[in-house]
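Protein chains in written order, with my numbering: chain A, 1150 to 1478; chain B, 1150 to 1478.
Number of protein chains: 2
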Amino acid sequence: MQQVAELAGVSTALVSLVMRDAPNVSDYRRQLVLAAADELGYRPNVLARNLASRRTQTIGVVLNDLHNPFFAEILDGLQAAADESDYRLLIGNGSHSQLGEERSVETFLQFRADGLVIAGSMLSDDLLERTSRTAPIVVVGRTSSSKVFDTANTDDQVGARLVIDHLVALGHQRIAHIDGGRGAGVIERRAGYRTAMRAHGLGEHIHVVRGDFTEAGGRKAAQTLMQHDRRPTAIFAGNDLSAVGALDIVENLGFDVPGDVSIVGYDNTALAAMHHVSLTTINQPTEELGRAAIGLLLERLDGDRTKATHHVAEPELIRRSTSGSPPAS
Amino acid sequence: MQQVAELAGVSTALVSLVMRDAPNVSDYRRQLVLAAADELGYRPNVLARNLASRRTQTIGVVLNDLHNPFFAEILDGLQAAADESDYRLLIGNGSHSQLGEERSVETFLQFRADGLVIAGSMLSDDLLERTSRTAPIVVVGRTSSSKVFDTANTDDQVGARLVIDHLVALGHQRIAHIDGGRGAGVIERRAGYRTAMRAHGLGEHIHVVRGDFTEAGGRKAAQTLMQHDRRPTAIFAGNDLSAVGALDIVENLGFDVPGDVSIVGYDNTALAAMHHVSLTTINQPTEELGRAAIGLLLERLDGDRTKATHHVAEPELIRRSTSGSPPAS
DNA sequence: AATGTGTATTAGAGCGCTCTAATGTAAGAA
DNA sequence: TTCTTACATTAGAGCGCTCTAATACACATT
């Protein structure tokens, strides 16, 4: 920077002003500085800049599982909104584990990201609240009544009810649920499932098997379900990934989908939309969620909102080929 | 840091030593400092640390397309290797575009990442070479004979040959290829396809349609292919994603796979392995590639290798259900 | 006792910027 | 002319660490 200043014959302060194109710099000097910077191949050191200005213009995004297309879709919304607001996004890999998420969060905090978006978090509310004392955070895809941090998610209870209503309307009674273990939205989806089942007078058929939001998990859970003596005629999987795994096993075991068993997922990822899969599922408006998350963050960063806000989007049933009437039997 | 030093009754220098657990610190003081740090909830500022030490212990990873599971799989290898070497990974989203990749690279350079891994890059060798003057970079999934930066990739020419050999052995002659536009490995796979076709005396049947490594691209290309007056009996798609798109369309048009048309992908992603898809494809050892990339980077960072090294892994044909003999006709 | 060796600790000069407060300068108002 | 006001520029004090060189001290060696 000093070299640039010398070459341009100005002070380093002026170089600084030019580099972050501040107002009140004469055109003449601006050109001088830019030319000098170009000639020397000068590139501002963000570390120093951030250290001095105490802000990084960077938002850290922790994605729970890069293998799940849902998170790639959320990221699209985040990226679009961030681009518009002149913030840059850095992504941390949660590795589908609590430890992985914690590490990513820690890295971002140490790099002094201005804010964090945590998608599909497995972290406890308590930890998240403590974290948000250091930097504002928005949790995506998970409900929370926290008074401290913001959230952007779909109403999963409603989503689960949509699934059950749909299956019941088709005539199903023995509807099982594969949950998502410690994943995001698990509690609400499961509660929604239970409530809806009872509302339809099917309380006795409630059957929950543990999954983990992965394909392998869905596979294993479906195996358990289909070996059960009163096997279900419909399976509501906690997300698309596990639904696909379940689909696989069910057909492998010789059952027809949806002739013998209906399968419904959750998230409406590209996976579900694939013609070969054509999974009935619940849509989450990922673009909206991503944009909302950035919006909430910016409100905290620019303005001075301190009250926690929870953006809730509407889920929507997407009917495809994996759901139909139960076998006559 | 000063507060910690005061509370512990030592100098800031000693606090610094303790925080990066350097040797030659007495146990007694170490405990004092750690206790003080804990009490104050002190967390070192990486920005300042990096500014002062001129290294960040961070490797920037630019992933071309988060929607493509191939990159998630590469990342697994990178993450594992980075964890072992005490480096942290930060991910940049290439947004499947050149501009997106450039932006991510720029961000990482400004944050002074110690090194970069660029997976599936659409950037020019020239730009990459210039970039590698600032920080060492390893390009994954793309061949290059650069004398400046390192690469880790599969031998795509061989991979393409495996595909063609397989299809020819099944009896196919009219084998078309959907390429990947400006994506990584495109040139080699296409060249491998052409060479192998000629080697089998099928030069006249060479037929390349442009794709872009996305599902939509594969879909569109397949549409074109199947409407051709001499439509192919086999399609070699440049990657799994486009193969899946092609698969969709081909079946939608009423053709049987593999009865009427065989389809082969590339990458052996989880997508291809899905029972519903069961795509014949070429395996790339993603774990090996990821580890190799980090390894090459560390050699540059720790040691002082300056000569470009190119790690080449072996591709392998994975036979599944989308390839079979051509129709008798 | 003098000297050497190794370990533990610290002062203080950077790292490369930003930002506040001060200074300079030109044009319009009183 | 003198005073305002607005704009343009700069000096220099941090930001929160690391790292070199210096210092202090205990212990072993001659």
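We treat Cβ as the ideally placed atom computed from N, Cα and C, and that holds for glycine.
- Fully contained in the stretch 1410-1453 of chain B are the following alpha helix (DSSP H) runs of length 4 or more, in chain order: 1419-1422 and 1435-1450.
- Residue state for F1362/A is assigned as coil, using DSSP reduced to three classes.
- Listed by position along chain B, the residues whose Cβ is nearer than 9 Å to that of N1401/A are H1424.
- R1339/B sits buried, since 16 or more C-beta atoms from the chains shown fall within 10 Å of its C-beta.
- Residue pairing from DSSP places I1286/A in a beta bridge opposite L1265/A.
- The continuous alpha helix (DSSP H) containing V1164/A extends over residues T1161 to M1168.
- For T1205/B, at least one C-beta of chain A is nearer than 9 Å to its own C-beta.
- For E1463/A, the three-state secondary structure derived from DSSP is coil.
- Across the stretch 1208-1229 of chain A, CB contacts with chain B closer than 7 Å involve L1215, H1216, P1218, A1221, L1224 and Q1228, in sequence order along the chain.
- By DSSP's assignment, T1300/B forms a beta bridge with V1288/B and H1459/B.
- The stretch 1325-1380 of chain B is shown to contain whole beta strand (DSSP E) runs of 3 or more residues at 1356-1358, in chain order.
- Three or more Cβ pairs closer than 8 Å define a contact, and the stretch 1326-1340 of chain B meets that threshold against the stretch 1296-1312 of chain B.
- Annotation: the stretch 1194-1235 of chain B contains the following complete segments of the alpha helix (DSSP H) (minimum length 4 residues), in chain order: 1195-1202 and 1218-1233.
- Short of 7 Å from the beta carbon of V1357/B, and not among the five residues preceding or following it, lie these beta carbons of its own chain, in chain order: H1326, D1328 and R1339.
- By the neighbour-count criterion, in which a residue is buried when 16 or more other Cβ atoms sit within 10 angstroms of its Cβ, Q1433/B is buried.
- For D1397/B, the chain A residues whose C-beta falls within less than 9 Å of its own C-beta are M1423, H1424 and H1425, listed in chain order.
- Taking 9 Å as the cut-off, the Cβ atoms of R1440/B and G1226/B count as close.
- F1385/B does not reach chain A, its nearest Cβ partner there being about 19 Å away, counting only Cβ pairs nearer than 9 Å.
- For N1242/B, there is no enclosing alpha helix (DSSP H); the enclosing beta strand (DSSP E) has its first and last residue at R1237 to N1242.
- Using a CB distance cut-off of 9 Å, G1332/B does not count as an interface residue toward chain A.
- Within the stretch 1168-1195 of chain B, the residues whose Cβ lies closer than 8 Å to some Cβ of chain A are R1192, P1193, N1194 and V1195, listed in chain order.
- Using a 10 angstroms sphere on the CB of N1173/A, the tally of other CB atoms stays under 16, which defines it as exposed.
- In chain B, no part has a C-beta under 8 Å from the C-beta of A1441/A; the shortest such distance is about 19 Å.
- Look at E1364/A: its C-beta is under 9 Å from a C-beta on chain B.
- Fewer than three pairs of CB atoms, one per stretch, sit closer than 8 Å, so the stretch 1185-1198 of chain B makes no contact with the stretch 1238-1255 of chain B.
- Counting only the Cα atoms, A1477/B lies some 16 Å from I1324/B.
- Residue pairing of F1385/B in beta bridges, as defined by DSSP: H1326/B and V1413/B.
- Under the 8 Å Cβ criterion, the stretch 1206-1220 of chain B counts as touching the stretch 1255-1268 of chain B, having at least three qualifying pairs.
- Straight through space, the alpha carbons of S1273/B and E1250/B are spaced by roughly 11 Å.
- Between the alpha carbons of G1158/B and G1190/B lies a gap of roughly 17 Å.
- Counting C-beta atoms within 10 angstroms of its own C-beta, S1160/A has fewer than 16 neighbours from the protein chains shown and is therefore classed as exposed.
- One thing to note: T1429/A has its Cβ within 9 Å of the Cβ of T1471/A.
- By the rule that beta-carbons nearer than 9 Å mark a contact, F1404/A does not touch chain B.
- Rounded to the nearest whole angstrom, the CA to CA distance from V1410/A to V1406/B is 25 Å.
- Residue burial is scored here from C-beta neighbours: A1221/B has at least 16 other C-beta atoms within 10 angstroms and is therefore classed as buried.
- Taking a C-beta cut-off of 9 Å against chain B, none of the residues of the stretch 1294-1323 of chain A qualify.
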